[in-house]
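If you read the sequences in order, they're chains U and X.
Counted from 1, the first sequence has number 3 at position 3 by my numbering; the numbering is strictly sequential.
If you want my numbering, it's the position in the second sequence, counting the first as 1, plus 1000.
Just so you know, even glycine gets a beta-carbon here, dropped at the ideal spot from N, CA and C.
Everything numeric in this text was worked out from a predicted model, so none of it was measured.
Here the structure comes first, spelled out in structure tokens, and everything after it is commentary.
Number of protein chains: 2
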Amino acid sequence: MASNFLKGKKHIIIYGISLAILLVLLNWLKLRLVIIDHAFEVYNGAIALIFTGIGIWVALKLAKPKEKIVVIEKEVMVEKNVGFTMNETELNRLNLSKRELEVLQLMAQGLSNQEIADRLFLSLSTVKTHANNLFDKMGVERRTQAINQAKQLGIIP
Amino acid sequence: MASNFLKGKKHIIIYGISLAILLVLLNWLKLRLVIIDHAFEVYNGAIALIFTGIGIWVALKLAKPKEKIVVIEKEVMVEKNVGFTMNETELNRLNLSKRELEVLQLMAQGLSNQEIADRLFLSLSTVKTHANNLFDKMGVERRTQAINQAKQLGIIP
DNA sequence: TTTCCGTTCATACCAAAGGTTGATTTGATG
DNA sequence: CATCAAATCAACCTTTGGTATGAACGGAAA
């Protein structure tokens, strides 16, 4: 029994000490009230009250607090294009090849054909070819138009 | 005292009834154990245990549940360009003139210098001048860079 | 009034972009 | 294997864009 008590938590130890003190107190009460009429009942009532209090105290200390979950919905504004998702439909419609798309994306960032060629390890000629092919597919005549249309179609952020 | 008990809640009444039953039980126990050695201590221990249990029970029943507030964030999509508001701060910083801004906006729509000239009833030379001035002010070298930067700064939809 | 800035335009030159044709290689597809 | 699309590059040419310089005009500020 003693080992069990020692194994418990701090609360259990405190409870044990309190119990000991109370038992002493009760013993004293017993001696004091032994000559009084109905002393036995008064004594039992005191014990009942005190231990009820102890029980309440122990319960409040040890019991997991009941949780009442209050749900508050909070609306958060999110910009639609924060996570840019490519418009696959339009992209497929245009039928751009991998390289053409890459060139288009770099164009939109303001790079010149020569810079795009350097970036993709291509010759200027190749970039021009890709550019012209994608202009044809998009039905435009200038890179600025291609950029403008690509942004509106959601092909580019 | 009795009126106080009646004023309470259902739990209090149940507690009262339990108490009465227990008192009867205890009285019976007292009669049974009165002949046993240390009957008094056993009896008191029983009372202590029982009322501790009652206290715990009462505490658990009556304890106010702690409120746990859970905030659920609900995402609301907002179209990026539904209400385009020009970034006045950046616009002032760049110190673009009226004409330069007009040229920039038409550039962003994919128009050539000649088309811009026709649209604004200007000569090609004038458009070129405005273009170069705004390139200087924006610190760029190509129209595509100007467009890209202007969009990022929120000067253009 | 003078000065400054924006606007307008011209000329000239060079760089970049755009367009065309043709050729080669490579990987996938039937 | 034959074929086709994608990708690569070259050569050539035209158009457009960008830079530099200069000049004229008008309005606003010093």
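Quick one: what does DSSP say residue i is sitting in, helix, strand or coil?
i	result
I1069(X)	strand
N1148(X)	helix
S125(U)	helix
R1142(X)	coil
L1096(X)	coil
I156(U)	coil
M1086(X)	coil
Q109(U)	coil
State yes or no: is the C-beta of residue i within less than 8 Å of the C-beta of residue j?
i	j	result
I147(U)	M86(U)	no
E1090(X)	L1153(X)	yes
L94(U)	K137(U)	yes
Roughly how many angstroms separate the alpha carbons of residue i and residue j, rounded to a whole number?
i	j	result
L49(U)	I72(U)	42 Å
G1139(X)	S123(U)	28 Å
V1058(X)	I56(U)	7 Å
L106(U)	Q1114(X)	25 Å
E141(U)	R1099(X)	25 Å
M1001(X)	V1070(X)	Legend: pLDDT at M1001(X) = 41, less than 50; position of this residue unreliable, no value from coordinates given.
G110(U)	N1092(X)	23 Å
H1130(X)	F121(U)	35 Å
A150(U)	S112(U)	17 Å
G53(U)	I1047(X)	13 Å
L104(U)	F1135(X)	22 Å
R119(U)	S1097(X)	35 Å
N1044(X)	N44(U)	7 Å
Would you decide whether residue i is buried or exposed? Buried here means 16 or more other CB atoms lie within 10 Å of its CB.
i	result
N1132(X)	exposed
V1127(X)	buried
F51(U)	buried
L1025(X)	exposed
Can you find a heavy atom of the ligand FAD that lies under 7 Å from the Cβ of residue i?
i	result
L1106(X)	As for the ligand FAD, it is missing from this structure, which has no ligand bound.
Between residue i and the rest of its own chain, which residues show a CB-CB distance below 8 Å, the 5 nearest in sequence each way excluded?
i	result
A117(U)	S123, L124, T126, V127
Excluding sequence positions up to five away, which residues of its chain have a Cβ less than 6 Å from the Cβ of residue i?
i	result
R143(U)	M107
K1023(X)	Per the sequence presented here, residue 1023(X) reads as Leu, with Lys not at that position. If we look at L1023(X) and ignore the five residues flanking it on each side, it has no Cβ neighbours.
CB-CB under 7 Å to residue i, same chain, minus the five flanking residues each way: which ones, in chain order?
i	result
F1084(X)	P1157
Q1145(X)	none
S3(U)	Low local confidence applies: a pLDDT of 42 at S3(U) is under 50, so the model's placement there is unreliable, with the coordinate-based value given in what follows. Cβ neighbours of S3(U) beyond the five flanking positions: none.
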